[in-house]
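First the structure, in the form of structure tokens, and then the observations on it.
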Amino acid sequence: MSTTATVRAMTPDDWGDVRRIYEIGIATRNATFETEVPTAEILDAKWIHGQRWVIAHGDAIAGWAAMTRVSARDCYRGVAETSIYVDTELAGQGLGKELLTHQIGAALEAGFWTLQTSIFPENEASLVIHRKAGFRDVGRRERIAQLDGIWRDTILLELRA
């Protein structure tokens, strides 16, 4: 784990770095079904306030994490989908693990009881850090959606409080 990394709440000033890192993830074609970064306004409406984080490594933002509600129904108020992105130039330094650990702790402290995520099977590094953090495989969603006209699978994982 990096000794020079710090996780803190995401601010509007971080948008440029969040966008840059999101674009890197999109370019890999193994991080998201998105093909363009949504606008800051769309993400602000989508992401749960108080559950948005960045990890600073030295003087630069190296990654971000955010959560989205899975349903507007009150019975699911403690269930959220997690997203984590790290600059691929800084992979292998423990930044994703540090960011995910912080995200989980903050979510549980805020009263969330189930965190879930969908990860492409090809994104082995993300699967590894999520499983090490306590997420369990729920199942493989075969041909769940298309990316670039190709049907893709995802692995659904969850962490229960």
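If you count the sequence shown from 1, you need to add 4 to reach our numbering. All C-beta atoms in this analysis are idealised placements derived from N, C-alpha and C, irrespective of residue type, glycine included. This structure is a prediction, so every number in the text was calculated from the model and none was measured.
May I have the straight-line CA-CA distance separating TRP117 from GLY100, to the nearest angstrom?
-> As a first step, residue 117 is located in the sequence shown; it is residue number 113 there, counting from the start. As a first step, residue 100 is located in the sequence shown; it is residue number 96 there, counting from the start. TRP117 and GLY100 have their C-alpha atoms some 21 Å from each other.
GLU40 versus GLN150: straight-line alpha-carbon distance, rounded | Here the question's residue 40 lines up with position 36 in the sequence shown. Here the question's residue 150 lines up with position 146 in the sequence shown. Going from the Cα of GLU40 to the Cα of GLN150 covers about 15 Å.
Nearest to ASP48 by alpha carbon, out of THR105, ARG73, ALA60 and GLY62?
-> In the sequence shown, residue 48 corresponds to position 44, counting from 1. Nearest C-alpha to ASP48: ARG73.
With a CB to CB cut of under 6 Å and the five nearest residues on each side skipped, what residues in its chain are close to LEU112?
-> As a first step, residue 112 must be located in the sequence shown, where it is residue number 108. Contacts found: ALA165.
Selected residue, minimal CA-CA separation from ARG56, among GLU85, MET71 and ASP18 = Translated into the one-based positions of the sequence shown, residue 56 becomes position 52. Of the listed residues, the one whose Cα sits closest to ARG56 is MET71.
Quick one: what does DSSP say SER75 is sitting in, helix, strand or coil?
-> Locating residue 75 in the sequence shown gives position 71, where the first residue counts as 1. Coil.
DSSP three-state call for GLU38: helix, strand or coil?
-> If you number the sequence shown from 1, residue 38 lands on position 34. Secondary structure at GLU38: coil, using DSSP grouped into helix, strand and coil.
State yes or no: is the beta carbon of LEU99 nearer than 8 Å to at least one beta carbon in chain C?
-> In summary, chain C is missing from the structure at hand, where a single protein chain is found.
Proximity below 8 Å, CB of THR36 to CB of ILE28 = On the sequence shown, residue 36 is found 32 positions in, with the first residue counted as 1. On the sequence shown, residue 28 is found 24 positions in, with the first residue counted as 1. No; because the gap between Cβ atoms is not below 8 Å, this pair is not in contact.
So, are the CB atoms of HIS53 and ALA9 less than 8 Å apart?
-> Within the sequence shown, residue 53 is the residue found at index 49, counting from 1. Within the sequence shown, residue 9 is the residue found at index 5, counting from 1. The answer is no: Cβ separation not under 8 Å.
Over the uninterrupted alpha helix (DSSP H) stretch that includes TYR89, give me the two end residues.
-> For the purposes of this step, residue 89 is taken as the residue at position 85 of the sequence shown. Per DSSP, TYR89 belongs to no alpha helix (DSSP H); it is in the beta strand (DSSP E), 83-90.
Keeping to the same chain, check which residues put their C-beta closer than 7 Å to that of THR158; ignore five residues upstream and five downstream.
-> Stepping through the sequence shown from its first residue, residue 158 is reached at position 154. Answer for THR158: SER122, ILE123, PHE124, ARG145 and ILE148, listed in chain order.
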